[in-house]
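The numbers in our numbering rise by one with no breaks, and the one at position 276 of the sequence shown is 281.
Report on one structure; see the data block that follows.
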Amino acid sequence: MKCRKCDRQAVFNMRRHKLALCEEHYPEWFVAQAQRAIEKYHMFAPDDRVLVAVSGGKDSLALWDVLLKLGYQAGGLYIDLGIEGYSTPSREKVERFAAQRPGAEFVVVDLKAEYGESLPEVAKRVRRGRGKPCSVCGLIKRHAMNRVARDGDYGVLATGHNLDDEVAVLFGNVLHWQTGYIARQAPVLPADREGFARKVKPFCRLYERETAAYTLISGIDYIYDECPYAVGATSIGYKDILNRMEEESPGTKAQFYLGFLRARKAGFFCEQGDGIDLHPCTSCGQPTSAPGLCAFCRLWKTTDRQRVNGCI
Ligand code: AMP
Ligand code: FES
Ligand code: ZN
Ligand code: ZN
């Protein structure tokens, strides 16, 4: 198959766009798609400082690479959760990537070094999430991202969520009619409070296989393995179902997600919880709806006795 733009052999074919491109024109197309999403959803401007949360996986490394190529002031943040067999190799991938781009700022938050416990240790101690540390993990990552963004004066926090991630979340929320979550799912989330970062997902319209192709063609080395705690996650099951539908009818995933965004814009889903009173945590200053300490700070103040007594 020939590239649509030149005479060379195509290396990647996108059935949903009926578009095949060569190894020079595919990365160009990909970078242009990211720029279009950034502009369409008013994610950020060239004078904004953008913090990219990089996990060592293909999507977030590709995102950091693309933003730097586009000339944005993009720094990277890696959160080392201390997950055995997973955190160390993924951290190495991010560190190597950052070392090859010495002009870019790069921060590592090492949970065990800074707070004394790794994610599996803290999850075991507070016994949340029925033995799986994923819910504590989300809390810790959000807190670290907000903290580094605020300390580093980043107005924008970018994550590598791609269209497959967004569609799987949407699918799950629709199945369970989680209307509050549906209303809050968007390519851009405004800052919780003055001084906090706006959250953006520049790859929300790109398929996972498209980000994978970009990293391969661009020679970006990433961690192939998923987090061991993600094995058997419902979102992976949803992705399989959606991929089967996509196989039958190319473009299904994009149609579902983009149709949702149009419905959202037309006002089909009204945001709930706007009335929630957020105030600064008395310890870290991050916005929280809880009186006193935020959920993150409570993690480290929790003793076994408090837990047994049902204080949390
Ligand atoms: P996940 O929740 O693993 O699907 O990751 C979603 C996004 O969160 C990734 O694309 C990254 O932008 C960010 N992310 C996940 N894990 C980390 C981490 N350990 N450090 C920094 N950012 C992360
Ligand atoms: Fe958070 Fe796996 S990365 S539990
Ligand atoms: Zn070409
Ligand atoms: Zn706090």
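Glycine included, each C-beta is placed from N, C-alpha and C at the ideal position.
Self-check item: Residue ranges of each beta strand (DSSP E) within the region 65-112, 3 or longer
Solution: Within the region 65-112, the complete beta strand (DSSP E) runs of at least 3 residues are 78-85.
Self-check item: From G165, L194, I187, residue whose alpha carbon lies closest to that of V174
Solution: Reading the sequence shown from its first residue, position 169 is the one you call residue 174. Selected option, being the one with the closest Cα: I187.
Exercise. Take I43 and list the residues in its own chain whose beta-carbon comes closer than 7 Å to its own, dropping the five residues that flank it on each side.
Key: In the sequence shown, the residue the question calls residue 43 occupies position 38. Correct list, in chain order: F49, P207.
Quiz item: Is the closest heavy atom of ligand 5 to the C-beta of S288 under 7 Å?
Solution: Ligands in the displayed structure: ligand 1, ligand 2, ligand 3 and ligand 4; ligand 5 is not one of them.
Quiz item: Below 8 Å between beta carbons: does that hold for A103 and A109?
Solution: Indexing the sequence shown from 1 puts residue 103 at position 98. Indexing the sequence shown from 1 puts residue 109 at position 104. Yes, the Cβ-Cβ distance between A103 and A109 is below 8 Å.
Quiz item: How many Å lie between V313 and R210 at the Cα?
Solution: Counted from its first residue, the sequence shown places residue 313 at position 308. Counted from its first residue, the sequence shown places residue 210 at position 205. Unreliable placement is indicated for V313, whose pLDDT of 39 sits below 50; the coordinate value is still reported in the next sentence. Taking the straight line from one Cα to the other gives about 45 Å.
Quiz item: Is V16 helix, strand or coil when you go by DSSP?
Solution: If you number the sequence shown from 1, residue 16 lands on position 11. The answer is coil: DSSP assigns V16 none of H, G, I, E or B.
Practice problem: Please name the residue, chosen from Y234, A300, P195, that lies closest to C139 on a Cα-to-Cα basis. | Solution: Here residue 139 corresponds to residue number 134 of the sequence shown, with the count starting at 1. The shortest Cα separation from C139 among Y234, A300, P195 belongs to Y234.
Quiz item: When the Cα of V71 is compared with those of V36, I225, M150, which residue comes out closest?
Solution: Reading the sequence shown from its first residue, position 66 is the one you call residue 71. For V71, the nearest C-alpha among the options comes from V36.
Practice problem: Run through the region 135-164 for me and flag every whole beta strand (DSSP E) of 3 or more residues, listed as ranges in chain order. | Solution: 161-163
Quiz item: At a cut-off of 7 Å, is I84 close to ligand 1 when judged by its beta-carbon and the heavy atoms of the ligand?
Solution: Here residue 84 refers to the residue found at position 79 when the sequence shown is read from its first residue. Distance from the C-beta of I84 to the nearest heavy atom of ligand 1 is below 7 Å.
Exercise. Within its chain, find whatever has a CB closer than 8 Å to the CB of H166; leave out the 5 residues flanking it on each side and keep chain order.
Key: For the purposes of this step, residue 166 is taken as residue 161 along the sequence shown, with counting starting at 1. Hits under 8 Å: D64, K206, F208, C209.
Quiz item: For T287, which three-state DSSP category applies?
Solution: For this step, residue 287 is matched to residue 282 along the sequence shown. Coil.
Quiz item: How many whole angstroms separate the CB atoms of I84 and A149, which I take to be in contact at a CB cut-off of 8 Å?
Solution: Your numbering for residue 84 matches position 79 in the sequence shown. Your numbering for residue 149 matches position 144 in the sequence shown. Taking C-beta atoms under 8 Å as the contact rule, I84 and A149 qualify, at a distance of about 5 Å.
Practice problem: Report all residues from its chain with a CB closer than 7 Å to the CB of V326; omit the five preceding and five following residues, and keep chain order. | Solution: Missing from the structure shown is residue 326; the chain here goes from 6 to 317 and no further.
Quiz item: If we ignore side chains and look at the alpha-carbon of each, how far apart do A191 and G256 end up?
Solution: Counted from its first residue, the sequence shown places residue 191 at position 186. Counted from its first residue, the sequence shown places residue 256 at position 251. The alpha-carbon separation between A191 and G256 amounts to approximately 20 Å.
Quiz item: Any idea which residues DSSP pairs D115 with across the strands?
Solution: Within the sequence shown, the letter at position 110 stands for residue 115. BP columns for D115 point to D85.
Practice problem: Check whether the Cβ atoms of R9 and L24 lie closer than 8 Å to each other. | Solution: Locating residue 9 in the sequence shown gives position 4, counting from the first residue. Locating residue 24 in the sequence shown gives position 19, counting from the first residue. Yes, the pair counts as a contact, with Cβ atoms nearer than the cut-off.
Quiz item: Out of curiosity, what's the CA-to-CA distance linking R130 and R267?
Solution: Looking up residue 130 in the sequence shown gives position 125. Looking up residue 267 in the sequence shown gives position 262. Using only the alpha carbons, I get a separation of about 44 Å.
Practice problem: Kindly indicate which residue of H30, N18, H22, F17 has the alpha-carbon position closest to the one of C11. | Solution: Position 6 of the sequence shown holds residue 11. It is H30 whose Cα lies nearest to the Cα of C11.
Quiz item: What are the start and end residues of the alpha helix (DSSP H) that includes K306?
Solution: Start at 1 with the first residue of the sequence shown, and residue 306 comes out as number 301. Where K306 is concerned, the enclosing alpha helix (DSSP H) stretches over 300-306.
Quiz item: When burial is assigned at 16 or more other CB atoms within 10 Å of the CB, is P32 buried or exposed?
Solution: Position 27 of the sequence shown, counted from the first residue, corresponds to residue 32. It counts as buried.
Quiz prompt | Residues of its chain near R21, where Cβ-Cβ distance is below 7 Å and the 5 sequence neighbours each way are ignored | solution = Position 16 of the sequence shown, counted from the first residue, corresponds to residue 21. Cβ within range, chain order: P255, G256, A259.
Quiz item: Straight-line CA distance for K74 to L194?
Solution: As a first step, residue 74 is located in the sequence shown; it is residue number 69 there, counting from the start. As a first step, residue 194 is located in the sequence shown; it is residue number 189 there, counting from the start. Answer to the nearest angstrom: the Cα atoms are 24 Å apart.
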